[in-house]
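Student: This is the structure, below, for whatever I ask next.
Numbering (full-length UniProt numbering), first residue to last: 1 to 63.
Here you go:
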């Protein structure tokens, strides 16, 4: 995913908040996003992936 983003927008800044979310723990991910979201500039695009393995049946959410 990062490669695709950088291919489309080469000067994009990609920030990984954490890699320590327990698999499938959407609540934990939401709490971390809620705590960090206010510190990002307006119009920031946030992509949150909570997935125990690549290629599983993921769904997306937008704000």
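Idealized CB from N, CA, C, for every residue including glycine. Keep in mind the model is a prediction, meaning the values are calculated, not measured.
1) Use the C-beta contact count for residue 21: other C-beta atoms within 10 angstroms, 16 or more gives buried, fewer gives exposed.
2) Please list the terminal residues of the continuous alpha helix (DSSP H) segment that includes residue 2.
3) Does the separation of the CB atoms of residue 18 and residue 32 fall below 8 Å?
4) Determine the direct distance from the alpha carbon of residue 50 to that of residue 25, and round the result to whole angstroms.
5) Considering Cα atoms alone, identify which of 42, 15, 46, 41 is closest to residue 30.
Tutor: Based on what the coordinates show:
1) As a position in the chain shown, residue 21 is number 21, starting the count at 1. So residue 21 ends up on the buried side.
2) On the chain shown, position 2 is the one that residue 2 refers to. Where residue 2 is concerned, the enclosing alpha helix (DSSP H) stretches over 2 to 8.
3) Counted from its first residue, the chain shown places residue 18 at position 18. Counted from its first residue, the chain shown places residue 32 at position 32. Taking 8 Å as the Cβ cut-off, residue 18 and residue 32 qualify as a contacting pair.
4) Counting from 1 along the chain shown, the entry for residue 25 is found at position 25. Counting from 1 along the chain shown, the entry for residue 50 is found at position 50. Cα to Cα, residue 25 sits roughly 7 Å from residue 50.
5) Residue mapping note: residue 30 aligns to position 30 of the chain shown, counting from 1. The option with the nearest alpha carbon to residue 30 is 46.
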